[in-house]
Amino acid sequence: MKVLTIARALNEALDVALEKDAQVMLLGEDVGRTGGVFRVTDGLQERHGAGRVVDTPVAESGIVGVAFGLAVGGMRPVAEMQFMGFSYPAFDQVINHVSRIRNRSRHRFTAPMVIRIPYGGGIGAAEHHSESAEAIYAHTPGLKVVVPATPYDAKGLLLAAINDPDPVVFCEPIRLYRSVKEEVPDGWYEVPIGEARVERTGEDITLITWGAMTTEVRGAATALEAEGVSVEVIDLRSLVPLDTDTIEASVEKTGRVVIVHEAPKTAGFGAEVAALIAERCLYSLEAPVRRVTGWDSVFPLKRSEHQYLPSVERIVRAARQTLET
Amino acid sequence: MKVLTIARALNEALDVALEKDAQVMLLGEDVGRTGGVFRVTDGLQERHGAGRVVDTPVAESGIVGVAFGLAVGGMRPVAEMQFMGFSYPAFDQVINHVSRIRNRSRHRFTAPMVIRIPYGGGIGAAEHHSESAEAIYAHTPGLKVVVPATPYDAKGLLLAAINDPDPVVFCEPIRLYRSVKEEVPDGWYEVPIGEARVERTGEDITLITWGAMTTEVRGAATALEAEGVSVEVIDLRSLVPLDTDTIEASVEKTGRVVIVHEAPKTAGFGAEVAALIAERCLYSLEAPVRRVTGWDSVFPLKRSEHQYLPSVERIVRAARQTLET
Amino acid sequence: MRQRLTPSGGVEGDPPIDIQLTRRLYRAMVFARTYDRKGTALQKQGRLATYAPFEGQEAAQIGAAAGLQPNDWVVATYRDAALMWAQGYPWELLFAGRTGDERGGSPPEHVPVMPPSITVGGHMVHAVGLAWAEKLNGTGRIALTSFGDGATSEGDFHEAMNFAAVYDIGCIFFCQNNGYAISLPREMQTRSTSIAEKAIAYGMPGVQVDGNDLFAVYEAVHDAAERARAGGGPTLIEAVTYRIGPHTTSDDPKRYRSDDEVSEWKRRDPLERVRIYLSERGAWDEEWQATIEAEAAAEIDRAIELAENMPPLGPGEILDAMFETLPPHLERQRAELLENLT
Amino acid sequence: MRQRLTPSGGVEGDPPIDIQLTRRLYRAMVFARTYDRKGTALQKQGRLATYAPFEGQEAAQIGAAAGLQPNDWVVATYRDAALMWAQGYPWELLFAGRTGDERGGSPPEHVPVMPPSITVGGHMVHAVGLAWAEKLNGTGRIALTSFGDGATSEGDFHEAMNFAAVYDIGCIFFCQNNGYAISLPREMQTRSTSIAEKAIAYGMPGVQVDGNDLFAVYEAVHDAAERARAGGGPTLIEAVTYRIGPHTTSDDPKRYRSDDEVSEWKRRDPLERVRIYLSERGAWDEEWQATIEAEAAAEIDRAIELAENMPPLGPGEILDAMFETLPPHLERQRAELLENLT
Ligand SMILES: Cc1ncc(C[n+]2csc(CCOP(=O)(O)OP(=O)(O)O)c2C)c(N)n1
Ligand SMILES: Cc1ncc(C[n+]2csc(CCOP(=O)(O)OP(=O)(O)O)c2C)c(N)n1
Ligand SMILES: [Mg+2]
Ligand SMILES: [Mg+2]
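Chains as they are written, first to last, in the working numbering: chain A, 1085 to 1409; chain B, 1085 to 1409; chain C, 723 to 1064; chain D, 723 to 1064.
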């Protein structure tokens, strides 16, 4: 057991995987010599060699497409996109090839690979550096989509993703890389993909979120509990497959839900969660299903981020409205 | 007035636009010499010249990116992606540039352009030729997303799109190109973007859809009415902006909804419509909001298409379940 | 442009392969043409979905495969049935794919050929990855990726070529320049004087050969393969050929090319020159021709029968290959699907 | 590699520009360096978001702009502030962008410069489109797009180059090869012997010049611009230079390059050789140096003040530029936003 940040926990997961499985390799821009722009791959090239931790040219489609070929050829590549906004040039490879080869070949060829994508805002970054496109990947059949929010989950989910027989898009909340620390077991352990994490249990209202927004939701839950509201908080962790049982059980219990994410609202993944609830839990609902999300706009630059990102106050307000009705 | 198919109506719209506005130009693979794989641009190069109806190399990112530059430079380009499955290589240009330049430059630069994308299945095509990715474009802030289902709307919406000061992703239902005919006015007319079309009014249940699925929904509505059910059918026509008033008014009236689309279910645009209803119309709802959609799978090849595409029967069954509860 | 076997059957220098192998490859080209013409015929009868004929490109495809080892990877396109078959992909599965059956994309375990790529340009990077994996595992296997002239306009061609060169990957980039990307002639696609010369941009050797010349194609691929196997890295080969038929059965080539151009190319038929070469050496006669045509017809008919007698995917099976094990939401959708099909 | 002005200030052949213009451009380089060093300093004080310094690349950027007409388009990157400024983009807006204000991307109406591209590779096609629009409208204006060595690995570079060549677009592809894509050295990015040589793949002229040589860069761009204006089509120019500072203020270059390499390049400083050239001709002295440095400091300080005194976007304004007129759903979101900010 060590106390680690998410960045270090991910680094450990990659280190353990490279150690244990000779087929595992990392590819990406600046992942080797500098250890990645977020230092998530720090030291791994020294330890495992430039043949297994590979610095690539600036060519996302090539990185994912070549990693796909490596995976079909029996390797276990972990490809890094430097930021989610730079994963778009690789989107064709992901949706037309990575996610489909198993189906196209009826299991004859498979692509057991992980695409690591730092995502989300809140660090005052330049344009394209604060994207949350998880819904786009979640809408792509054949992919699993994972978003850890704690160091323990980060390491365990990444190892599960590397071990998964199918491609996994692994979204890493930039804002949490170094802001949260916790004890993380040594060596190999896995957090099963497809199981939500109930962060706190409550009776009056359910707050559903994932990734960096867990921080704001935690803050909101604490504020609401100070007012005597009993709050249940669900961190989905995995968007595909989605842990619908946990969601349904919670909504049936509380009858009130607020979904929180930082991606734009329209057709965001929150819509899927709300639709699911409207389909499966209608009779348990005592109030409209509210979504507290980013606006349908470009993620703003540093000076205006606060106007965009869901805040504790916005979540609390939506929860109150939901409780009052 | 002429009786036209959707393909011909689109051809007329492009012809009228090229005639009226010297800044309008068409770019795409095979749009000129062959008039496009669906003949939508048939005869336009002869009529308006190879300088305005341009056959491009096979390079979707280049087509959209160059069209973007042309638009910023004052032209009114209409770019064609040969099939929606081939629009993905251009996704980076669409989401990182086309949809953002107005915001990035605070109105200083704009991209008044149209991206025409034939989409959807049902014609027994090869892989990648039956995609429905409208939700991905709808989730991209800064784009308008339009899907006509009739010749009249096809021409009127395309002219509105060409005239729009902002970029429009124009999704053309392949299966309907030649299957529906109706009278279409000559010359220039516009169907406003952002207004749904209530195809038939009813009291008991609302069926919401767009594009090619209007055919199945029409069939289902007719079948249900034969059983004495009064059905309201809404063809959204425009996904962004979405005509929420029409949806809300209808749901408040009927209290029962089935949403139908052929794209995969998870995080499809149907989720947004359902979420909207769960948010705004909860108290009017008398039954769960059901979605009849494509499965979360790759669109199957010819022999298995019928397993994938929502059928009249599936829609009727979902409607019955919705009516029974 | 390198040429070893002239349209009139004359050889430049020593033939790169012996008479026996030449006969085998000629026979393979006859099989390929039989398959191809059958494909068009079946499509017209509505028994196949859209079909993309390759008539005129047989020497390029059969010659390329002949230059490889049997376990080398082939990553090719919708127009490369002959190449894929020559590397072990069964005719019946090639037909099955065209009938619209996913199982057409599932070759037997030992066949090192990917399902045909339908997207243009996206598959070349896959070959680079495959060859890289073989290099890392020290198997001595390499990869050949086949694509058209039009595909070289895609950004992925650029990225694939660059990755292969940067990491010294044993990947052969085999371009069948058949003159058109659907309706767009090669000259309107790019201003480089040849496609082979694009290799310079990646510090990679590039060669242009007569793609209707079995010997020249074989030799170029064989040499590139041996270099790649020896760790010499990738090669770009441009095989200049021509698509005698339409782009696909739903294309009308009259809209963009002249009949004269087509008949001009028919005079450069890739089979005919090998036939002349063989007959001048007493290694071809009408009787043998009749025999191999009969064998071809029989084998292709058998393949069609197999493909057409394959029952379609059963209810729900369309979901079964999305993941190794179906996640709950797909289990639920599968149940809903079954409910609705009954 | 073409060189006109040696590091020691000697000229090869006749200088392409006269003394007065040389003095103006030298002065511009001094302004550029002042802005750049200030940018790094302000970032360290937390007054700017991440900053990407361009020290060492001043001759490339100032020389390139000097070769253009004032109304030619410039489509450049996050590292091209000097180039953009030289084409009319105000310092204060360049600073504003770095403080994290969208209005930094909104130059005055008459300035033909796009906001800096943050994505690598995606902007070159935009320049092709802009130049095409000017060609169609017969304005005689052309476009120059600036990018780094790393950007040439992206598929969009390939598609931009190809489109420009195929349609004879008056677009100059100006590559500042500063040796690195963040940590990846040029040699590990691609195996071509030069970047200029990649032009061959598109049938386009390509030239490599000393990017720290004001004269060579000016001349190459000027010639390419005149050719483009005359309908001669695009040109690829590789300006070989070096980034003296880190990739950005959050990068640690010690992880991937040696101090010796940096000091070696400092000896090739682009300003110094012009200074020597001018002083040898009695067109430079300490006093003038002091004057222009003071002017630069004053102008840059004024710009910082303007940028920092710009009030942030008001509540809701972040939504106002998504469309020409806000659609209903954004109106609703705007109301919700205001409600929550108060
Ligand atoms: C990414 C992508 N864009 C467009 C298409 C549509 N399309 C199919 S084949 C083709 C032309 C390809 O030409 P070429 O590469 O020369 O191959 P050929 O068909 O001549 O063998 C096009 C544009 C596609 N399949 N994929
Ligand atoms: C599409 C994309 N991928 C990755 C990045 C992250 N990134 C920013 S700059 C850079 C290196 C670019 O190198 P080069 O083109 O040589 O320009 P330089 O920074 O050296 O001026 C990278 C990889 C990006 N901005 N965009
Ligand atoms: Mg071709
Ligand atoms: Mg660089």
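Every residue gets a Cβ at the ideal spot worked out from N, C-alpha and C, and that includes glycine.
Here Ile1289(A) is not near Ile1343(A), since their CB atoms are 7 Å or more apart. By the Cβ rule, the stretch 1298 to 1310 of chain B does not count as touching the stretch 1322 to 1334 of chain B, because fewer than three pairs are nearer than 8 Å. Cβ neighbours of Gly1240(A) within its own chain (closer than 6 Å, five residues either side excluded): Tyr1273, Glu1274 and Val1275.
A straight-line Cα-Cα distance of about 57 Å links Cys1255(B) and Ile1014(D). Those residues placing their Cβ nearer than 6 Å to any heavy atom of ligand 3 are, following chain order, Gly870(C), Asp871(C), Gly872(C), Asn900(C), Tyr902(C) and Ala903(C). With its beta carbon at least 7 Å from every one in chain B, Ala1012(D) lies outside the interface. Counted as a single uninterrupted DSSP element, the beta strand (DSSP E) harbouring Gly870(D) occupies residues Ala865 to Gly870.
Bounds of the beta strand (DSSP E) holding Leu1111(B) are Val1108 to Gly1112. Chain-ordered, the chain B residues with CB closer than 7 Å to the CB of Ile1040(C) read Ser1381, Pro1384, Ser1388, Gln1391 and Tyr1392.
Short of 7 Å from the beta carbon of Val939(D), and not among the five residues preceding or following it, lie these beta carbons of its own chain, in chain order: Ala781, Ala782, Gly785, Ala786, Val931, Gly933 and Ala961. Spatial neighbours of His1213(B) in its own chain (CB-CB distance under 7 Å, excluding positions within 5 residues in sequence) are listed in chain order as Phe1167 and Gly1169. If you draw a 10 Å sphere on the C-beta of Ala750(D), you find 16 or more other C-beta atoms in it, and that means buried. The C-beta of Arg1398(B) comes no closer than 7 Å to any C-beta of chain A. Per DSSP, Thr957(D) is one residue of the beta strand (DSSP E) stretching across Thr957 to Val962. With three or more CB-CB distances shorter than 8 Å, the stretch 1333 to 1342 of chain B counts as touching the stretch 1369 to 1378 of chain B. In this structure Gly1157(A) does not touch Gln1177(A) by the C-beta definition: roughly 16 Å separates them, more than the 8 Å allowed. Taken from the Cβ of Arg908(D), every heavy atom of ligand 2 lies 6 Å or farther away.
Straight across, the Cα-Cα distance linking Asp1126(B) with Ala1403(B) is about 41 Å.
Here the distance from the Cβ of Arg979(D) to the nearest heavy atom of ligand 2 is not below 6 Å. Distances from the CB of Glu1113(A) to the heavy atoms of ligand 2 include at least one below 6 Å. In the structure shown, Ser1368(B) falls within a helical segment according to DSSP collapsed to helix, strand and coil. Approximately 17 Å separates the beta-carbon atoms of Pro1348(A) and His1181(B); this is outside 8 Å, ruling out the contact. An exposed status is given to Asp981(D), since fewer than 16 other beta-carbon atoms sit within 10 Å of its beta-carbon.
Comparing C-alpha distances from Ala952(C) to each of Ala853(C), Ala808(C) and Asp973(C) shows the shortest one belongs to Ala853(C). Secondary-structure assignment with DSSP links Gln898(D) through a beta bridge to Gly870(D) and Ala961(D). In the DSSP annotation of this structure, the continuous segment of the beta strand (DSSP E) that includes Gln930(C) starts and ends at Gly928 to Asp932.
Across the set Leu1052(D), Glu909(D) and His848(D), the C-alpha of His848(D) shows the shortest separation from the C-alpha of Ile894(D).
Listed as beta-bridge partners of Tyr1203(B) by DSSP are Pro1257(B). By alpha-carbon distance to Leu770(D), the top candidate from Gly844(D), Gly778(D), Arg759(D) and Ile998(D) is Arg759(D). Spanning the alpha carbons of Phe1193(B) and Leu790(D) requires a straight line of approximately 21 Å.
Residue pairing by DSSP leaves Val1100(B) without any beta bridge partner.
Legend: CB atoms of the stretch 1209 to 1223 of chain B lying less than 7 Å from CB atoms of chain A belong to residues Glu1211, His1212, Ala1219, Ile1220, Ala1222 and His1223. Not a single CB atom of chain A sits nearer than 7 Å to the CB of Val931(C). Within the stretch 1048 to 1061 of chain C, contact with chain A at the beta-carbon level (separation under 9 Å) is assigned to Pro1049, Pro1050, His1051, Leu1052 and Arg1054. One Cα belongs to Thr1306(A), the other to Ile1399(A), and the distance between them is close to 11 Å.
In this structure Leu906(D) is buried. Its beta-carbon is surrounded by 16 or more other beta-carbon atoms within 10 angstroms.
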